[in-house]
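Report on the structure given below.
Residue numbers (this note's numbering): 35 to 259.
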């Protein structure tokens, strides 16, 4: 719990550094709500991979929002945000939907000025390569012995019906996304890019939840949108 709290504090500090100049009360409300989402709302399932990925996703979405609007971000900060996000996204391949969708959103917004090699993408790629190498070198039995057993047992557990996935917290999250989508024009013209980036990240997390099709409470984490 202490480690998770420290990670969330680092994510909030990075997000605060990336945010554009906005009035004090708006910044305070945004960071306060973010703290609740990252730490308090998943309290029963503290330390689950979904919470760790969510912690990394918040500053990364803020960073992509800054990239889309053309705001400068220190190279060292962008690299560290990419490393932190990579540590969370590497825990499950489903989570890669978040950076993929954010990158597509950035590409649509920047057009020809889009660059794939940036400090954050390099940091994330480095973490992914190191993670895969460590798995192959020090935990190769996981791939050859454990994984077949996991696919046989864990792979067939979960929700029996599609309707079982629509838990109350999921319905609230989907309703929030629908409400935001109804203000599409505001998302396009919002000057910081933060709201659009958070919505894209939320869609990625929602898709990851439904693709896993387990319906377990720790997978229905509150969406950052």
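Where a beta carbon is used, it is the ideal one built from N, C-alpha and C, also for glycine.
Between the stretch 192–204 and the stretch 48–63, do at least 3 Cβ pairs fall closer than 8 Å? no
Closest Cα partner of residue 244 within the set 128, 211, 39, 78: 128
Classification of residue 178 by the beta-carbon crowding that lies within 10 angstroms, buried from 16 upward: exposed
Closest to residue 215 by C-alpha separation, out of 115, 39, 229, would be which residue? 229
Endpoints, the alpha helix (DSSP H) within which residue 154 is located: 153–172
At which residues does the alpha helix (DSSP H) containing residue 198 begin and terminate? Residue 198 -> no alpha helix (DSSP H), and no H or E assigned at all.
Taking the alpha helix (DSSP H) that residue 301 falls in, what are its first and last residues? What the structure shows of the chain is the stretch from 35 to 259, and residue 301 is not part of that stretch, so it cannot be assessed.
Local Cβ density within 10 Å of residue 90, reported as buried at 16 or more and exposed below that: buried
Taking 6 Å as the limit between beta carbons, can you name the residues of its chain near residue 41, skipping five residues before and five after? 89
With DSSP run on the structure shown, which of helix, strand or coil describes residue 44? helix
With a CB to CB cut of under 7 Å and the five nearest residues on each side skipped, what residues in its chain are close to residue 132? 91, 123, 235, 238, 239
Note down the Cα distance separating residue 169 from residue 121, rounded to an integer number of angstroms. 14 Å
Separation of residue 184 from residue 242, as counted between CA atoms: 19 Å
Over what stretch of residues does the alpha helix (DSSP H) that includes residue 139 continue unbroken? 131–144
Counting pairs of Cβ atoms below 8 Å between the stretch 104–117 and the stretch 149–161, do you hit three or more? yes
For residue 81, which of helix, strand or coil comes out of DSSP? coil
Classification of residue 49 by the beta-carbon crowding that lies within 10 angstroms, buried from 16 upward: By the 16-neighbour rule on beta-carbons within 10 angstroms, residue 49 is buried.
By the three-class DSSP mapping on this structure, what secondary structure does residue 149 have? Of the three classes helix, strand and coil, the one that applies to residue 149 here is coil, per DSSP.
Taking residue 110 as the reference, which of 173, 154, 146 has the closest Cα? 154
Look at residue 93 and residue 43 and say whether their C-beta atoms are less than 9 Å apart. no
Which residue marks the beginning of the alpha helix (DSSP H) containing residue 74, and which one marks its end? The continuous stretches of alpha helix (DSSP H) do not include residue 74, and DSSP gives it neither H nor E.
How many angstroms separate the CA atom of residue 51 from the CA atom of residue 66? 15 Å
Where residue 68 falls, given that 16 or more other Cβ within 10 Å makes a residue buried: With 16 or more Cβ atoms within 10 Å of its Cβ, residue 68 is classed as buried.
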